[in-house]
Amino acid sequence: MNQPYPLHWETLSASARGANKQRNQDWYTAEGCGTQADPLVLAVADGHGSARHARSDVGARRAVDLFAAHAREFAAFTNVDGLGGTRSLSWLMNYARDVMPRRLVSEWQRNVLGHWQRQYELDEGSSGAVTAPPTDGQKLLLYGATLIGAVLTPRLFAAWQLGDGELTVIEHDSRVEQPLAPAEAEIGDETESLCSHEAWRLVRMHWAPIVERDRMPRLIALSTDGLSKSFAADEGFVEFMTGLDTRCSEGGLESVQTVLPEWLAKAAQYSGDDTTMAAGRRPEQDTESAHAGRQTTERQ
Amino acid sequence: MSDIPGGPMANRPVHFIWLLDCSYSMQGEKIARLNYAIREAIPEMRSVAHDNPAAQLLLRTLTFSTTAQWHHKNPVPVDDFTWQDVQVDGMTNLGEALDLVSRELQTPPMPQRALKPVLALVSDGVPTDDWKAGLKAIDATPWGRKAVRVAIAIGEDADRNVLQEFLGNPELRPLDANSPKQLAAAIRWASTAAVKAASQPVAASSDTLSKPLPYAPPVLDDDDDDVW
């Protein structure tokens, strides 16, 4: 691993309720600036929303909160100066691939089952009625949600995905990648879920150690499927991401943050689904200074 | 609102296909009641579609007797859909009908970007051709496997085992229509509830914990004087 660099990523995020939905069942976070002390943490979760998943807004929120906590812990592991000392890349990768999904899913399930129990006791107490409780599987179903999460430190970019939605990465050379897209595009609205049996086996992971600062991604965007499903043309979603990146370059991130809620609200009208995006972008200045630094080095 | 990058946005189609048994055994009141029930259900289908602006409901009709043929071959938006009565003909070649539908469920002509299609099968008899081959052809298509399926059994002679296999889900049952009143209710339910089911996101069905619950059919009263 190379030496860490001071980085200052900026974030933008918004969410819109789907057409005819009573409440938004997505949740998200976009926090940190990509330094070792304050890693960039992005997450979006999409509660399934139908009557069978009546508490999926709670499930989505718990998923994002748990991911953010685990992502910060994972980022701390990458710190060579931490209490644990240097951890090898292979150790980190094994942890990210095998341990973290299992911990995330089991904690999410324990968490929402706890929520169910508290609600059950409240409802039972208020109504006085005693009814047979459902199975754990039936309880989990109420909270079903998907999850996409990403963490970036000066040394490492890693992301995880369970279920549908998109992780979009615009690389330093403007290539647009979707590293966690399934080999074959899903059709219809069925998705894998945190409430699935042995859901940790369904988690897909993207692993990208950072070896050169100026080859870092320029934009990392996580979005729920309400956005990608709103475009009439297949290429519309990728064009949206490149257009968003271009507008960030031309008008600054704040100008895009101002209009993003309107964009997502329009997408939610067409997809019918709650629509959420959480993104991090490396400022132009950072890109340019890294580029200039490299040229200076090359001239010497 | 500033221009949104990515080009135009659009809602997604729900392809609804009626598969109607038009064999001789449907002659008389059964076919008349079926025509009436579907015609009467169209306003309710429009209402469901308007309540769900993210879905564009497109209708087609396939009849099967001695041959299977499209009554409406091209998908018709529900707002433009008008019902032309179907007529009885001969045998009950369900397999041929399923095979024709399977060709429409391939991508293309089905778009990748769509909500689950709905296949609504109505029959009063026993298939007279290789219906299993037709069902296999539907199950071999990705959209066929994901389709919301409903089956309506008209009268006592309908082969419920065949309809059960068509449904492909032991938790679902064919809807019995043993009287004109029950047929009207069943058609109304299939026209609306199935469309709603097609446009709801759910956890994947391959999963034992999150297996979708069946979209429950109504309990139909059997207090009609005129029983088939």
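Order-wise, the sequence lines are chains H and R. Residues 467 to 766 (the working numbering) are what the first sequence spells out, left to right. Residues 95 to 322 (the working numbering) are what the second sequence spells out, left to right. Ideal placement from N, C-alpha and C gives every residue a C-beta, glycine not left out.
Query                                                                                                                                                                            : Result
If you check the beta carbons only, do R/Leu277 and R/Arg127 fall under 9 Å apart?                                                                                               : yes
Spell out the partners DSSP gives R/Asp270 in its beta bridges.                                                                                                                  : R/Ala247
Rounded to whole angstroms, what's the CA-CA distance from R/Pro171 to R/Ala231? Just pull it up for me.                                                                         : 26 Å
What residues match up with H/Gly513 in a beta bridge as DSSP calls it?                                                                                                          : H/Ala611
Using 8 Å as the threshold, is the region 205-222 of chain R in touch with the region 247-258 of chain R, meaning 3 or more CB pairs across them?                                : yes
Can R/Trp164 and R/Leu199 be called in contact, C-beta distance under 9 Å?                                                                                                       : no
Suppose you measure from the CA of H/Glu658 to the CA of R/Ser119; what does that come to, to the nearest Å?                                                                     : 45 Å
In chain order, what residues of the same chain lie with their CB nearer than 7 Å to the CB of R/Asp179, ignoring the 5 residues before and after it?                            : Asn129
Using CA coordinates, which residue listed in R/Ile98, R/Pro99, R/Ala287, R/Glu123 is at the minimum distance from R/Ala214?                                                     : R/Ala287
Identify each residue in the region 637-671 of chain H for which the Cβ-Cβ distance to at least one residue of chain B is less than 8 Å, and report them in chain order.         : The question asks about chain B, but that chain is absent: this structure's protein chains are H and R.
Can the beta-carbon of H/Ile636 be found closer than 9 Å to that of H/Leu685?                                                                                                    : yes
Taking the alpha-carbon positions, what's the R/Asp173 to R/Arg140 distance?                                                                                                     : 6 Å
For the beta strand (DSSP E) that contains R/Asn255, what are its first and last residues?                                                                                       : Counting along the chain, R/Asn255 falls outside any beta strand (DSSP E), though it belongs to the alpha helix (DSSP H) covering 254-261.
Using the beta-carbon of each residue, which ones in chain H are nearer than 8 Å to R/Ile232?                                                                                    : Those within 8 Å of R/Ile232 in chain H number zero; the least Cβ separation is about 15 Å.
Kindly indicate which three-state DSSP category R/Ile327 falls into: helix, strand or coil?                                                                                      : Residue coverage of chain R in this structure runs from 95 to 322, which leaves residue 327 of chain R outside it and unanswerable.
Quick one: which unbroken beta strand (DSSP E) runs of 3-plus residues sit fully inside the region 105-173 of chain R? Chain order, please.                                      : 106-115, 149-158, 162-171
Roughly how far, in whole angstroms, is the beta-carbon of H/Ala480 from the beta-carbon of H/Leu710, given that I think they are within contact range, below 8 Å?               : With 8 Å as the limit, H/Ala480 and H/Leu710 do not qualify as a contact, their Cβ atoms being about 12 Å apart.
Taking the DSSP output, what are the residues bridged to H/Tyr494?                                                                                                               : H/Val510
Quick check on H/Met682: does DSSP put it in helix, strand or coil?                                                                                                              : coil
If you check the beta carbons only, do H/Lys732 and H/Ser694 fall under 9 Å apart?                                                                                               : no
Apart from the five residues just before and just after R/Ala192, which ones in its own chain have a Cβ nearer than 6 Å to its Cβ?                                               : It is worth fixing the name first, because residue 192 of chain R is Leu in this sequence and not Ala. Cβ within range, chain order: Gly228, Leu229, Ile232.
In whole angstroms, give me the CA-to-CA distance for H/Val704 and R/Ile125.                                                                                                     : 50 Å
Check whether the Cβ atoms of H/Asp512 and H/Gly654 lie closer than 9 Å to each other.                                                                                           : no
When burial is assigned at 16 or more other CB atoms within 10 Å of the CB, is H/Glu656 buried or exposed?                                                                       : buried
Specify, as a first and last residue, the run of the alpha helix (DSSP H) that R/Ile232 falls within.                                                                            : 225-233
Taking contact to mean at least 3 C-beta pairs separated by less than 8 Å, is the region 499-516 of chain H in contact with the region 643-651 of chain H?                       : no
State buried or exposed for R/Ser300, treating a residue as buried only when at least 16 other CB atoms are found within 10 Å of its CB.                                         : With a pLDDT of 41 at R/Ser300, under the threshold of 50, the predicted position of this residue should be treated as unreliable, though the coordinate-derived value follows. The residue is exposed, with fewer than 16 neighbouring Cβ atoms inside 10 Å.
Compute the Euclidean distance between the alpha carbons of R/Ile246 and R/Ala271, then round it to the nearest angstrom.                                                        : 7 Å
So does the region 571-587 of chain H actually touch the region 524-542 of chain H, counting three or more Cβ pairs closer than 8 Å?                                             : yes
Give me, in chain order, the residues of the same chain whose beta-carbon lies closer than 7 Å to that of H/Asp602; leave out the 5 immediate sequence neighbours on both sides. : Leu579
Which residue's Cα is closest to the Cα of H/Asp504: H/Met743, H/Asn486, H/Val524, H/Ala542?                                                                                     : H/Ala542
With a threshold of 9 Å between beta-carbons, can H/Val507 be considered close to chain R, or not?                                                                               : no
Against R/Gly228, what residues of chain H qualify as contacts under a CB-to-CB distance less than 8 Å, listed in chain order?                                                   : In chain order: nothing, as chain H lies at least about 21 Å away.
Verify the CB distance criterion: does H/Ser768 have a CB-CB separation below 9 Å to chain R?                                                                                    : Since the first residue shown for chain H is 467 and the last is 766, residue 768 of chain H is missing from the structure and cannot be characterised.
Is there a Cβ of chain H sitting closer than 9 Å to that of R/Pro264, yes or no?                                                                                                 : no
Going by the DSSP bridge assignment, what does H/Trp673 pair with across the sheet?                                                                                              : H/Ala624
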